[in-house]
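Asker: Right, I'll just put the structure down here and ask away after.
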Amino acid sequence: MNPTRETIEAYYRSLQSDLCDRLSLLDGAASFGVDEWQRPEGGGGTTRVMSAGNVFEKGAINVSAVYGPIPPELGENFGATGEQFFATGISMIFHPRNPFAPTMHANLRYLEIENSAAWFGGGLDLTPYYLFEEDAEHFHSVCQRACAGHTVADYATMKRACDDYFFLPHRGEARGIGGLFYDRHSDDLHGQFVFQRELGDTLYESYAPILERRRDTPFEEKHQRWHRVRRGRYVEFNLVWDRGTKFGLQTRGRTESILVSMPPEVSWEYASAPEEGTPERTLLNLLTGEPRDWVR
């Protein structure tokens, strides 16, 4: 039997609560606030934000469930102009304080068009500022295990889609080292939801061990400078290319919740380029080259 929209939304809310509790314990200093909001056109959500922690400079986990007439600007995209839609999802972003700890982003979503179609989408990806191959291998191994045993999920296909999606064409750079990405999967909605729950339940495992390894790594101002410059690429992608950001703004979503993914401190330096033989150059060479297979 296909899952109901209420069941899907309830899972996203449960996952939000669980991750906020566990990540607050990991941070040890800060906790996630609670901001409930309503969308005038229908629906609302809960935005939970942490800032100024021991580990996290900023972190946010959003859950929303919105509904109403499909906005005209999205009608052609959905192929269902004028019909009602329902969309629920959970999205999260974590910006660690330490430049040697990577940013992690994840999103799980469900969209339904009345009397027309329904589909799931989502994924997770990792954005390091300094490359540690064991971190990339761990992250992708968890991604692969989450896909195993699900006929609706294929690690290789979703990894390739992630590499393609999280790419900045105007820079010729990947945003990070990828993960999983999929969109508009409508076959076997029950199986899709079972897979989404497994993916959601492994998010902490994919990221927390990496944070534990990197949270106390000593760093200097030069590392922070590179951190801020690379965060600028994150902002560029989200504002120029990200479909989720565009969808939220086009459906008149809550701007504060949509843009909460932005890092707290960012720099743009004209024609900035790292020197050859440096760790910064190693990362940039990776991001401008062909995507790497991280699972051995």
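Take the sequence shown: its letters are residues 24 to 319, numbered as in our numbering.
All residues carry an ideal CB built from backbone N, CA and C; glycine is no exception.
All figures in this text were calculated on a predicted structure; none of them were measured in a lab.
#1: Distance check for A141 and R248, CA to CA, integer angstroms please.
#2: Helix, strand or coil, according to DSSP, for D224 in the structure here?
#3: Would you mind sorting A124 into buried or exposed? The rule is 16 or more other CB atoms within 10 Å of its CB.
#4: Sort out for me which residues DSSP pairs F143 with in a bridge.
#5: Keeping to the same chain, check which residues put their C-beta closer than 7 Å to that of G144; ignore five residues upstream and five downstream.
#6: Evaluate contact between the stretch 278-292 and the stretch 172-185, counting only Cβ atoms and requiring at least three cross-stretch pairs below 8 Å.
#7: Can you tell me the Cβ-Cβ gap for L154 and L309, rounded? I've got them flagged as a contact below 8 Å.
#8: Within a Cβ cutoff of 7 Å, which residues of the same chain sit near E64, ignoring the five residues on either side of it in sequence?
#9: Tell me the start and end of each unbroken alpha helix (DSSP H) in the stretch 208-283 that is at least 4 residues and wholly inside, in chain order.
#10: Quick one: what does DSSP say T74 is sitting in, helix, strand or coil?
#11: So, under 8 Å CB-CB, T174 and G223 are touching, yes? Tell me the CB distance rounded to an integer number of Å.
#12: Flag this pair as yes or no: are the beta carbons of Y227 and R45 separated by less than 7 Å?
#13: Where G312 and F190 are concerned, what is the direct C-alpha to C-alpha distance, given to the nearest angstrom?
#14: Quick check: the Cα distance between I116 and D50, rounded to an integer number of angstroms?
#15: Evaluate the contact criterion for the stretch 263-282 versus the stretch 80-90: three or more CB pairs, one atom per stretch, below 8 Å.
#16: How long is the line joining the alpha carbons of D239 and N121, rounded to whole angstroms?
#17: For a test of the three-state rule: what should DSSP assign to L203, helix, strand or coil?
#18: Checking 7 Å against the spacing of the C-beta atoms, do T150 and R220 come in under that value?
#19: May I have the straight-line CA-CA distance separating E137 from I93, to the nearest angstrom?
#20: Per DSSP, what kind of secondary structure is N121 in: helix, strand or coil?
#21: So, with DSSP's three-state summary, where would you put V89?
#22: Quick check on the DSSP output: the alpha helix (DSSP H) that includes D158 runs from which residue to which?
#23: Drop a sphere of 10 angstroms on the beta-carbon of H193, count the other beta-carbons inside from all chains shown, and report buried for 16 or more, exposed for fewer.
#24: Helix, strand or coil for D148 per DSSP?
Answerer: Quick answer:
#1: 44 Å
#2: helix
#3: buried
#4: Y133 and H208
#5: R132, Y205, D206, R207 and H208
#6: no
#7: 6 Å
#8: G91 and R275
#9: 212-224, 226-237, 244-263, 266-273 and 278-281
#10: First, the residue type needs correcting, since residue 74 is Ser and not Thr in the sequence shown. Looking at S74 - three-state DSSP - the assignment turns out to be strand.
#11: Not really, about 18 Å apart at Cβ, beyond 8 Å.
#12: yes
#13: 11 Å
#14: 15 Å
#15: yes
#16: 7 Å
#17: strand
#18: no
#19: 10 Å
#20: coil
#21: strand
#22: E156 to C170
#23: exposed
#24: strand
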